[in-house]
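Q:
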Ligand SMILES: [Zn+2]
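Residue numbers (the working numbering): 1 to 311.
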């Protein structure tokens, strides 16, 4: 009997140690056990948003900036088509639920297009391999992962197992480093390193037109800072990078939308200042969060940040 109790105790301790060590993936592992999410029904689109087919939506944010929405996907992804005079950038390519994104892009513009992801999570690089021109971020050792011209994101970088996606084989044709200016002809985008959600996350700044394309670094809703590779220290430096770079009045558009809204999710400099304050308060231990793992902190009325309390 005593021996059985000892074994039970050892199993519990081992389970606890494993649970703590693997805490960042356990939540995702549990999610991967469920069936992939079904497509949502969308009753009506908000003003200014129109269907391209029965899955993708288009919204012209200005005459050269188009938000491509996926309101039927449970994570409500947004990609952005950024047009210059001689070239266009497609920033993010969604999860790849539908394979028609390249046709959509060709339908909207005749310009040559380079597709570039904000980071390497599965819901931002589905369909990326369908584009002939692909730019990847030259940060956080991503370029060193290249083998014979091909990059296959690591499982912890990609997280596709959560919904049954396999890592794509990416063939980058360009590398974009922080500070680099991408000239689209009559339109310039500056690459900003915005780590925190993942080490390799980048954002694109169009200073002239006043847009920041922020991927998963900033959007209304829960910001995920508890997944593999996330870091609150990194988040703070990412926020600083952006605050140093953006003028007042810049509108930041993110990678995921709100549940009640099919328009592109727009945030402002004020939201970045709020995020900076909360990150400082978390670091100083002077703000209370909710829950054990992830621990959730309110940033303001539209943003939360979900963190790893043992980081
Ligand atoms: Zn992500």
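Backbone N, C-alpha and C fix where the C-beta goes; we use that ideal spot for every residue, glycine too.
Check the C-beta distance from residue 185 over to residue 86 and give it rounded, since I have them as a contact under 8 Å.
A: The residue given as residue 185 occupies position 185 in the chain shown. The residue given as residue 86 occupies position 86 in the chain shown. Sure, about 3 Å apart at Cβ, within 8 Å.
Q: Could you tell me whether the Cβ atoms of residue 202 and residue 89 are closer together than 8 Å?
A: Start at 1 with the first residue of the chain shown, and residue 202 comes out as number 202. Start at 1 with the first residue of the chain shown, and residue 89 comes out as number 89. Cβ atoms of residue 202 and residue 89: not closer than 8 Å.
Q: Ends of the alpha helix (DSSP H) at residue 106?
A: As a position in the chain shown, residue 106 is number 106, starting the count at 1. That run of the alpha helix (DSSP H) goes 101-108.
Q: In terms of alpha-carbon separation, which member of 264, 124, 273 and 255 lies closest to residue 247?
A: Working through the chain shown from its first residue, we reach residue 247 at position 247. Looking at the Cα atoms, 273 is the closest of the given residues.
Q: Whole alpha helix (DSSP H) runs in the region 213-288 with 4 or more residues, listed along the chain?
A: Correct list: 232-245 and 269-284.
Q: I need the boundaries of the beta strand (DSSP E) containing residue 69, first residue and last residue.
A: If you number the chain shown from 1, residue 69 lands on position 69. From DSSP, the beta strand (DSSP E) with residue 69 extends over 65-70.
Q: With distances taken between CB atoms, is the gap from residue 226 to residue 308 smaller than 8 Å?
A: Walking along the chain shown from the start, residue 226 turns up at place 226. Walking along the chain shown from the start, residue 308 turns up at place 308. Contact flag set, yes.
Q: Report yes if the C-beta distance between residue 32 and residue 162 is below 8 Å; otherwise report no.
A: Counting from 1 along the chain shown, the entry for residue 32 is found at position 32. Counting from 1 along the chain shown, the entry for residue 162 is found at position 162. Yes, the pair counts as a contact, with Cβ atoms nearer than the cut-off.
Q: Bridge partners for residue 193 per DSSP, in chain order?
A: Here the question's residue 193 lines up with position 193 in the chain shown. For residue 193, which the question treats as bridged, DSSP gives the partners 202.
Q: Taking 8 Å as the threshold (C-beta atoms), are residue 187 and residue 64 in contact?
A: As a working note, residue 64 is residue 64 in the chain shown. As a working note, residue 187 is residue 187 in the chain shown. A contact, by the Cβ cut-off of 8 Å.
Q: Return helix, strand or coil for residue 173, following the three-state DSSP convention.
A: As a position in the chain shown, residue 173 is number 173, starting the count at 1. It is coil, neither helix nor strand.
Q: Across the region 209-221 and the region 171-179, are there enough close Cβ pairs to call them in contact, namely three or more that are closer than 8 Å?
A: The region 209-221 vs the region 171-179: no contact.
Q: With residue 28 and residue 170 assumed to form a contact (beta carbons below 8 Å), what rounded beta-carbon distance in angstroms separates them?
A: Taking the first residue of the chain shown as position 1, residue 28 is located at position 28. Taking the first residue of the chain shown as position 1, residue 170 is located at position 170. Contact flag wrong, Cβ pair sits at about 22 Å.
Q: Out of curiosity, what's the CA-to-CA distance linking residue 266 and residue 6?
A: Within the chain shown, the letter at position 266 stands for residue 266. Within the chain shown, the letter at position 6 stands for residue 6. Roughly 56 Å separates the two Cα atoms.
Q: Give every residue of the same chain whose Cβ lies closer than 7 Å to the Cβ of residue 197, excluding the five residues on either side of it in the sequence, and list them in chain order.
A: Reading the chain shown from its first residue, position 197 is the one you call residue 197. If we look at residue 197 and ignore the five residues flanking it on each side, its Cβ neighbours are 119, 216, 217, 223, 224, 225 and 230.
Q: Buried or exposed for residue 105, going by 16 or more other Cβ atoms inside 10 Å?
A: Numbered from 1 along the chain shown, position 105 holds the residue referred to as residue 105. With 16 or more other Cβ atoms within 10 Å, it is buried.
Q: Span of the alpha helix (DSSP H) holding residue 158?
A: In the chain shown, the residue the question calls residue 158 occupies position 158. Its alpha helix (DSSP H) spans residues 155-158.
Q: If you measure from the CB of residue 121, is any heavy atom of ligand 1 nearer than 7 Å?
A: Residue 121 sits at position 121 when you count from the first residue of the chain shown. Flag set: Cβ of residue 121 near ligand 1.
Q: Taking just the CA atoms, how far does residue 62 sit from residue 292?
A: For the purposes of this step, residue 292 is taken as the residue at position 292 of the chain shown. For the purposes of this step, residue 62 is taken as the residue at position 62 of the chain shown. Distance between the alpha carbons of residue 292 and residue 62 is about 43 Å.
Q: State the Cα-Cα distance for the pair residue 39 and residue 294, rounded to the nearest angstrom.
A: As a first step, residue 39 is located in the chain shown; it is residue number 39 there, counting from the start. As a first step, residue 294 is located in the chain shown; it is residue number 294 there, counting from the start. Distance between the alpha carbons of residue 39 and residue 294 is about 26 Å.
Q: The beta strand (DSSP E) with residue 92 in it runs from where to where?
A: Position 92 of the chain shown, counted from the start, is the residue given in the question as residue 92. Run containing residue 92: none; DSSP gives neither H nor E here.
Q: Compare the C-alpha of residue 44 against each of 35, 55 and 36 and name the closest.
A: Against the chain shown, residue 44 aligns to sequence position 44. Closest by alpha carbon: 55.
Q: Could you check how far apart the C-beta atoms of residue 251 and residue 49 are, in whole angstroms? I think they sit under 8 Å.
A: Taking the first residue of the chain shown as 1, we reach residue 251 at position 251. Taking the first residue of the chain shown as 1, we reach residue 49 at position 49. The pair is not a contact, with the Cβ atoms about 16 Å apart (cut-off 8 Å).
Q: For residue 314 and residue 194, I'd like the C-alpha separation in whole angstroms.
A: Residue coverage of the chain in this structure runs from 1 to 311, which leaves residue 314 outside it and unanswerable.
Q: Can you tell me whether DSSP reads residue 129 as helix, strand or coil?
A: Along the chain shown, one-based indexing puts residue 129 at 129. Helix.
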